[in-house]
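> Got a structure here, written out as structure tokens. Questions coming.
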Amino acid sequence: MQTIADPRSIALGSPLPPGDIHAVGVHLPEWRDTLGWAAREGRVLDAMKTGYPRFFVPRVVDKLAERILELGLAPESNSHPSKPNYRSIIFPSKRYVDFYIGFLRRQGPPGTNLDQVYALMLKWDGTTANLDFKKTDQSISRRCLDGYLHVDNQPNQRPIFAVLYPASLYSLTKAFWQHTGFGISSRHATYWLENAEIFKTPDGDASKSFHERPIRGSSYRSAKESITIVVKSGQSPEHVESVADDNILLYPTGMTAITEAAVAIKALRSTVGGRCAAAVFGFTYVDTYKTITRVLDFDATLYKYADADELERQLNEGLKLDLLITEFPGNPLLQSPDMTRLHDLAKKHDFILIVDDTVGTCINVNLMQYCDVVCTSLTKMFSGRCNVMGGAVVVSPHSPHQEGLLTALGKVYEEIWFPEDASVMETNSRDFRERVLRANSNAEFVVSLLQHSPAIEEVYYPKGSTTQHIYDRFRLPNGGYGFLLSIKFTSPARAIAFYDNLDVAKGPSLGTNFTLCCAYTLLAHYSELEWAAEYGVVEHLVRISVGLEDEEWLRARIDKALRAAETVRD
137 MQTIADPRSI ALGSPLPPGD IHAVGVHLPE WRDTLGWAAR EGRVLDAMKT GYPRFFVPRV
197 VDKLAERILE LGLAPESNSH PSKPNYRSII FPSKRYVDFY IGFLRRQGPP GTNLDQVYAL
257 MLKWDGTTAN LDFKKTDQSI SRRCLDGYLH VDNQPNQRPI FAVLYPASLY SLTKAFWQHT
317 GFGISSRHAT YWLENAEIFK TPDGDASKSF HERPIRGSSY RSAKESITIV VKSGQSPEHV
377 ESVADDNILL YPTGMTAITE AAVAIKALRS TVGGRCAAAV FGFTYVDTYK TITRVLDFDA
437 TLYKYADADE LERQLNEGLK LDLLITEFPG NPLLQSPDMT RLHDLAKKHD FILIVDDTVG
497 TCINVNLMQY CDVVCTSLTK MFSGRCNVMG GAVVVSPHSP HQEGLLTALG KVYEEIWFPE
557 DASVMETNSR DFRERVLRAN SNAEFVVSLL QHSPAIEEVY YPKGSTTQHI YDRFRLPNGG
617 YGFLLSIKFT SPARAIAFYD NLDVAKGPSL GTNFTLCCAY TLLAHYSELE WAAEYGVVEH
677 LVRISVGLED EEWLRARIDK ALRAAETVRD
């Protein structure tokens, strides 16, 4: 169990948890700090030592990218990438280079010149190869890879892949990094910088502060097997054995899991010259819709929860879908879609149904019989310690599409989750069930403190919501209502007063062992505030991920923040 006793001592921009060089959280103690981060205010950017890795490229990854640029490995040209106007993005897979190049082709501004973009493979022993993605014959790239990927006994020494691109494409590149989660992790970058031959100093010395001995393939597989067991452990007893180990695939991030699941569906359903059609049901996590549309080029429509009748009408009138994706419950408004109804529609109209259960967790809810695929961000409550990223795809054994999905996923699956990340995740997850149950109880307690305050217009939480009856249908016998809640205040000023006076860790992410608060809409939708408000996600929404602290610790902090909010006039 890891909580933070006195969050007031943590400075703006410091990692959460404090002192962890691989932290995936960052502290934004005041409302104006979140606003400053969203608006890219210099005061805040200069203070940021780290950030959520998909939103803030880890400093050590930037350092590795700079070292690669310094090597000057790309072919000579009029715009040589060793010049200052170039940057680099690093992936653990050649496939992700291909996705990135496709993204540039579709989303790049008019005049984007891919002749100024270079792709490289870097082998552990210092050997490098240029990857010519400009050729239509992809077998050329395949030949480049032959003989380089057979390092299963030392999986942390697989090649990495760098794309060197003009700095003018940085914003677009950063969006791809954020939407997909395809970039390498901080542990992965650190290991390469400190141990790879290509980055050794001229005198031959290399720092060994990070793991002097590589993780062997057997240790890696053992960690992954243990994680698979924990993922399965959340299923109700009568269904555990029906979920085979082969139905569970692990990925470096939760968004990578969602993206790969959608890629598999696209492979199954694509027709020559046609786009796949998707429905995103409910107000889902910000990057789910964007990876489906911007990266994978689905023709997607966003439906509100209240639009279920309209969706069914459209399907009955001939709407064709390949994919519907939803969350149970949704983030940040914690509404629960009727999975039975969506599942019936999927069977009747032959589309594939994905549900993201990150907020609900497999400890609280059982959704496997009512969908084709469950995706989960292991980064959140599964880990809890806020210091490692991971994701999982579970193909339902009850799905009529099971065989096709497993074939499509397996055809392209690679062991690219960095072994040390997998090992840390396995260690963190050992008390997953106990932590979920504790956080459930604490969240209900916090809701009870909030719900009668005159400063609050509405508390969003599955228990007591208009969709609780739906949630209860899928709740396991010993399951609760989760760790996440959101608050709509009677005025923006009251929301700000509450946030500023709540003495807990504050910043992006959720599902941490410590209580974590954020100004959700500013973090996720700053550039589209009016659009988000149309879906009920107002600008001054406050979201709290409740942790494992004692009730009295929570009470003291909630009471103080409420007093501050209640003294503010509407």
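Note that the sequence shown covers residues 137 to 706 in this note's numbering.
Think of the CB as a built atom: it goes at the ideal place given N, C-alpha and C, for glycine as much as any other residue.
Keep in mind that this is a model prediction, so the values were computed, not measured.
(1) Per the contact definition of three or more C-beta pairs closer than 8 Å, is the segment 180 to 189 in contact with the segment 141 to 156?
(2) Between the Cα of V160 and the Cα atoms of T389, N331, I632, P295, which residue gives the shortest distance?
(3) Give me the Cα-Cα distance between Y222 and L207, rounded to the nearest whole angstrom.
(4) Using the C-alpha atoms, what's the distance from M525 back to E202?
(5) Spatial neighbours of E675 within its chain, please: CB distance less than 6 Å, with the 5 preceding and 5 following residues excluded, ordered by chain position.
(6) Select from A641, T248, T497 the residue whose C-alpha is nearest the C-alpha of G615.
(7) How long is the line joining the alpha carbons of S307 and F191, rounded to whole angstroms?
(8) For I320, which of helix, strand or coil comes out of DSSP?
(9) Considering just the uninterrupted stretch of the alpha helix (DSSP H) at I632, what are its terminal residues?
(10) Mapping the DSSP letters down to three states, classify L148 as helix, strand or coil.
(11) Apart from the five residues on each side of it in sequence, which residues of its chain come closer than 6 Å, Cβ to Cβ, to D706?
(12) Quick one: measure Cβ to Cβ for F487 and L460, integer angstroms, because I've assumed they're closer than 8 Å.
(13) Hey, out of R411, N637, D608, whose CA is closest to R693's CA?
(14) Taking all protein chains shown into account, do 16 or more other C-beta atoms lie within 10 angstroms of the C-beta of T263, making it buried, or fewer, making it exposed?
(15) F312 and V491 - do their beta-carbons sit closer together than 9 Å?
(16) With contact counted as at least three CB pairs below 8 Å, one residue from each stretch, are the segment 562 to 579 and the segment 391 to 407 in contact?
(17) If we count the other Cβ atoms within 10 Å of its Cβ and call it buried at 16 or more, is T515 buried or exposed?
(18) Tell me which same chain residues have a C-beta within less than 8 Å of the C-beta of V501, skipping the five on either side of it?
(19) Taking the straight line between their C-alpha atoms, what separation do you get for P468 and Y596?
(20) Does the structure place the segment 534 to 545 close enough to the segment 425 to 443 that three or more beta carbon pairs sit under 8 Å?
(21) Going by alpha carbons, who is nearest to S559 out of E361, R294, C507, G238?
(22) By DSSP's criteria, S307 is part of a beta bridge. Which residues make up the other side?
(23) For a minimum of 3 consecutive residues, which ranges assigned as the beta strand (DSSP E) are wholly contained in the segment 539 to 582?
(24) Would you please state the rounded distance, in angstroms, between the beta carbons of I296 and V197? I believe it to be under 8 Å.
(25) What are the boundary residues of the beta strand (DSSP E) that includes E594?
(26) What span of residues does the alpha helix (DSSP H) with R477 cover, start to end?
(27) Does the distance from the C-beta atom of G520 to that of N649 stay below 9 Å?
(28) Give the secondary structure of E177 by DSSP, where H, G and I count as helix, E and B as strand, and everything else as coil.
(29) Rounded to whole angstroms, what's the CA-CA distance from S229 to V416? Just pull it up for me.
(30) If you draw a straight line from the C-alpha of V582 to the C-alpha of S322, how long is it?
(31) Answer with buried or exposed for P143, where buried requires no fewer than 16 other C-beta atoms within 10 angstroms of its C-beta.
(32) Mind checking who Y439 pairs with in its DSSP beta bridge?
(33) Please check the pair A575 and M517, which I expect to be a contact at CB under 8 Å, by giving their CB distance rounded to whole angstroms.
(34) If we ignore side chains and look at the alpha-carbon of each, how far apart do D381 and G454 end up?
(35) Write down the C-beta distance between E670 and P590 rounded to the nearest angstrom, noting that I regard them as a contact closer than 8 Å.
(36) Beta carbon of L586, beta carbon of L470: below 9 Å?
Taking the definition as stated:
(1) Verdict: yes, contact present.
(2) When only C-alpha atoms are compared, the closest one is T389.
(3) Going from the Cα of Y222 to the Cα of L207 covers about 13 Å.
(4) Rounded to the nearest angstrom, the gap between the Cα atoms of E202 and M525 is 23 Å.
(5) T657, L665, listed in sequence order.
(6) That would be T497, whose Cα lies nearest to the Cα of G615.
(7) Using only the alpha carbons, I get a separation of about 12 Å.
(8) Coil, per DSSP.
(9) Taken as a continuous stretch (DSSP letters only), the alpha helix (DSSP H) holding I632 covers 628 to 637.
(10) Reduced to three states, the DSSP call for L148 is coil.
(11) Same-chain partners within the cutoff: T626, S627.
(12) The distance from the Cβ of F487 to that of L460 is about 6 Å, consistent with a contact at the 8 Å cut-off.
(13) It is N637.
(14) Classified as exposed, T263 has fewer than 16 neighbouring CB atoms from the shown chains inside 10 Å of its CB.
(15) Contact annotation: V491 and F312 have beta-carbon atoms that are not nearer than 9 Å.
(16) Contact between the segment 562 to 579 and the segment 391 to 407 is absent, because fewer than three Cβ pairs lie under 8 Å.
(17) Answer is buried; the Cβ neighbour count reaches 16.
(18) Cβ within range, chain order: F464, D493, Y607, F610, R611, L612, G615.
(19) Counting only the Cα atoms, Y596 lies some 8 Å from P468.
(20) Cβ pair count under 8 Å is below three, so no.
(21) Answer by Cα proximity: E361.
(22) In the DSSP output, where bridge partners are listed per residue, S307 has none listed.
(23) Qualifying beta strand (DSSP E) stretches: none in this window.
(24) Going by Cβ atoms, the distance from I296 to V197 rounds to 11 Å, so no, they are not a contact pair.
(25) Counting along the chain, E594 sits inside the beta strand (DSSP E) bounded by residues 592 to 596.
(26) Counting along the chain, the alpha helix (DSSP H) containing R477 begins and ends at 475 to 485.
(27) Cβ distance < 9 Å, so G520 and N649 count as in contact.
(28) Residue state, collapsed to three classes: coil.
(29) One Cα belongs to S229, the other to V416, and the distance between them is close to 28 Å.
(30) The alpha-carbon atoms of V582 and S322 are separated by roughly 34 Å.
(31) With 16 or more Cβ atoms within 10 Å of its Cβ, P143 is classed as buried.
(32) DSSP lists F417 as the beta-bridge partner residues of Y439.
(33) Contact holds; Cβ gap of about 7 Å.
(34) Roughly 37 Å between the two C-alpha positions.
(35) Not a contact, Cβ separation roughly 27 Å.
(36) Against a cut-off of 9 Å, the Cβ pair of L470 and L586 comes out as no contact.
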